[in-house]
Amino acid sequence: MSNLTVHLESQIPFLIFCAYVNQALSFWPTLALSFKTLGVVYGDMGTSPLYVFADVFSKVPIGSDDDVLGALSLVMYTIAIIPLAKYVFIVLKANDNGEGKKEFHFAPEL
């Protein structure tokens, strides 16, 4: 009987998630969830290049505005491309017996 209780308790967050997904959301809750999604995407892996920007000119002086623009463009492209590649090529291809898309919601560190 205790195994049944543990198994049922482990499924409760998933059942709540499924019930929430089927609801139609208005504009403001959708906007709030979109903003939270940005935090998930850029929270860990996406912001690492920002530390590089501080070190780019720590040992070499800035020669011109083009140097700053070049370093900034490298950082911005890295922030855009790494999470894009992560989610398109890794998360969307993940397959756990046909449940690869749901796996992202429970394990965003993939």
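Heads up: the sequence shown begins at 1142 in our numbering, then just goes up one per residue.
No residue lacks a Cβ here, since even glycine has one placed at the ideal position from N, Cα and C.
All figures in this text were calculated on a predicted structure; none of them were measured in a lab.
Short Cβ contact (7 Å threshold) for residue i with residue j
i: ALA1212; j: VAL1201; result: no
Closest by C-alpha distance to residue i, when choosing among the options
i: ALA1195; options: LEU1215, PHE1176 and THR1178; result: LEU1215
i: TYR1097; options: GLY1204, VAL1209, SER1199 and THR1178; result: No statement about residue 1097 is possible, as the shown extent of the chain runs from 1142 to 1251 and does not include it.
Buried or exposed by the 16-neighbour rule on C-beta atoms within 10 Å, applied to residue i
i: THR1171; result: exposed
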